[in-house]
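What follows is a set of notes on a single structure, which appears directly below.
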Amino acid sequence: MEKIILSESRIPPAITFLKPLSAAISIGTGGPFGAEGPIIATGGALGSVTGQWIHISSSERKIVLAAGACAGMAAIFGSPLAAVLLAIELLLFEFSPRSVIPVGLACVTGAGMHILLFGHQPVFAMGAVPTPSDGALAVYVLMGAFIGVVASLVSRSVYWIEDMFEKLPIHWMWWPAIGAIAIGVVGYFAPRTMGVGYDNITWLLKGDGALAVVASLCFLKYLSWSISLGSGTSGGTLAPLFTIGGALGALMAGVILNVFPNSGINIATGALIGMAAMFAGASRAWLTAIVFSLETTGQMNGLLPLLGACVAAYFVSFFLMKGSIMTEKIRRRGVKTPDAYEPDILRGVTVKELVIPVKVEEERHSVLSTDDAGYAAELMGKHNTDVLTVKDESGAVLGMITARALLNYYSRQRQKEHLYESPARTRRMLVQGRKLLRTYKN
């Protein structure tokens with residue numbers, strides 16, 4: 249994400265080889281990480297290197313990077329739709345044919361390789377989820393809200409541990425070794441916490457584990473993972489978050505059933521919504537969390553509980569944390585990451601609607617009256633001019649369009665979206681409009 253925002257999606261070629269190597273060593277020696285993070289990073293690096301090799305624009309390179317990253321996710325889990333949503337929510341921050349089609353094709357290819365190598369069975373097979381009652385849905389939503397609180401605490405604690413490592417009076421090269429000691433000590437008492445733990449997720453989704461064992465897995469997995477991740481060890485966050493969230497969801501469901509046996513919930517569904525809500529709250533990629541859970545379990549009856557729990561977790565997490573577990577590190581460096589994608593206002597109006605009907609005395613670079621204003625802004629940036637000649641389809645000159653006209657239109661549209669704005673907010677919108685024009689020029 250940092251490379252996309254600050255470095256025009258340019259990732260050093262060495263990452264393509266060093267990231268899987270470091271992850272293989274850390275996970276292969278018992279590190280409590282998932283393999284999906286390094287594979288996504290490696291796929292993204294490969295896409296970026298490919299984009300640099302074929303000399304395409306930075307916006308096109310971002311798409312190739314996202315395609316490589318999400319193809320890796322689809323290949324591991326056989327979840328192509330969730331991989332596409334991951335690209336939209338965490339990498340592209342746009343929804344347009346030029347970006348979705350390449351990413352979608354890449355994810356289909358990755359999912360096809362998953363079928364070829366691993367078959368058609370869901371990665372996390374579980375028993376049939378019963379259709380939830382209204383009361384059960386309400387309980388699942390409340391569980392999702394609580395898990396959203398825990399997800400925020402988990403995200404904060406990882407970076408707090410990272411801050412503590414930075415205060416140690418030793419070279420940073422030794423931090424992962426300290427993290428490895430934590431992994432070994434915790435793993436000695438709870439071997440289940442070591443490794444990627446996909447089998448733990450499948451075990452939790454069966455819903456028949458003893459609550460004491462589930463509770464220990466939840467806490468000890470979090471302990472070893474957060475310390476080792478905070479130490480700088482390479483590894484994925486998706487599988488650990490799913491394990492911790494699934495264990496917490498199963499534990500909460502078991503406690504609720506003991507207290508309210510007629511609540512209508514079941515432990516397996518509790519584990520399912522727990523793992524999705526934890527990821528949704530920590531990463532803010534709630535659509536990805538929902539669809540991923542459905543694709544990897546094949547349980548369509550879980551859609552409503554997943555939707556309610558993940559939205560609740562996202563809602564709570566949004567107010568408790570400024571960033572997410574994915575963005576907090578670069579946010580601390582002063583890098584602002586988008587938390588939403590909006591339609592491009594200038595793409596919604598044609599040049600004809602903004603043309604100034606004056607006599608043009610000198611020939612300038614021109615646009616057609618039917619072109620959208622966003623294209624006009626791109627041409628202004630390309631030719632370093634604030635004025636373009638506007639022609640109709642027959643070639644007749646209709647007038648001109650200026651950068652000021654584009655900025656005024658942008659500001660008016662934003663003010664319509666916020667009817668009761670303070671003067672300070674209006675000034676901020678004008679500044680945002682100017683930044684947008686500079687972006688087009690770049």
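When the letters of the sequence shown are read in order and numbered with the numbering used here, they come out as residues 249 to 690.
For every residue, glycine included, the Cβ atom is placed at its ideal position computed from N, Cα and C.
Quick one: is residue i buried, meaning 16 or more other Cβ sit within 10 Å of its Cβ, or exposed?
i      : result
Met581 : Here the sequence assigns Arg to residue 581, which means Met is not the residue at that position. So Arg581 counts as exposed.
His362 : buried
Met548 : exposed
Met412 : exposed
Tyr436 : exposed
Leu254 : exposed
Glu337 : buried
Lys415 : exposed
Tyr668 : For Tyr668, the predicted model reports a pLDDT of 43, less than 50, meaning its position is unreliable and no value from the coordinates is stated.
Leu453 : buried
Met421 : exposed
Ile492 : buried
Ser307 : exposed
Gly643 : exposed
Phe508 : exposed
Gly295 : buried
Asn506 : exposed
Phe341 : buried
Val503 : exposed
Specify the secondary structure class of residue i as computed by DSSP and reduced to three states.
i      : result
Ile302 : coil
Lys469 : helix
Met526 : helix
Leu667 : In this prediction, Leu667 has a pLDDT of 47, which is less than 50 and means its spatial position is unreliable; what the coordinates show is noted afterwards. Coil.
Thr536 : helix
Ser531 : helix
Asp619 : coil
Met574 : coil
Ser296 : helix
Gly493 : helix
Ile259 : coil
Ser642 : coil
Val377 : coil
Ile418 : coil
Ile649 : strand
Val371 : coil
Val603 : coil
Thr585 : coil
Val444 : coil
Ser482 : coil
Thr277 : coil
Val597 : coil
Could you tell me how far apart the beta carbons of residue i and residue j are, in whole angstroms, since I believe they sit closer than 8 Å?
i      : j      : result
Gly546 : Pro370 : 4 Å
Gly383 : Gly512 : 5 Å
Met628 : Thr637 : About 12 Å separates the two Cβ atoms, so there is no contact after all.
Phe527 : Ala537 : 4 Å
Ser614 : Lys639 : 5 Å
Met442 : Gly276 : Wrong, their Cβ atoms sit about 11 Å apart, outside the cutoff.
Ser400 : Ser565 : 5 Å
Leu552 : Leu385 : 6 Å
Would you call the CB atoms of residue i and residue j closer than 8 Å?
i      : j      : result
Ser541 : Leu554 : yes
Ser403 : Glu284 : no
Ala621 : Leu594 : yes
Gly483 : Met391 : no
Met249 : Thr585 : yes
Ala319 : Ala293 : no
Leu459 : Ala438 : no
Ser472 : Pro280 : yes
Gly282 : Gly316 : no
Thr618 : Thr633 : no
Ile395 : Ala525 : yes
Val351 : Ala330 : no
Quick check: is any heavy atom of the ligand NAP less than 7 Å from the C-beta of residue i?
i      : result
Met412 : Absent from the structure shown: the ligand NAP. Ligands present: none.
Is the shortest distance between the beta-carbon of residue i and the beta-carbons of chain B less than 8 Å?
i      : result
Ile521 : The structure shown contains no chain B; it holds only a single protein chain.
>> Taking 8 Å as the cut-off, does the segment 373 to 387 touch the segment 336 to 354 (at least 3 CB pairs, one atom from each stretch)?
In response: no
> Per the contact definition of three or more C-beta pairs closer than 8 Å, is the segment 438 to 446 in contact with the segment 475 to 488?
Replying inline: yes
> Quick one: any contact between the segment 259 to 271 and the segment 464 to 477, if contact means 3 or more CB pairs under 8 Å?
Replying inline: no
> Does the segment 296 to 311 come within contact of the segment 496 to 509, defined as at least 3 CB pairs closer than 8 Å?
Replying inline: no
> Below 8 Å, can you find three or more Cβ-Cβ pairs linking the segment 313 to 327 to the segment 350 to 358?
Replying inline: yes
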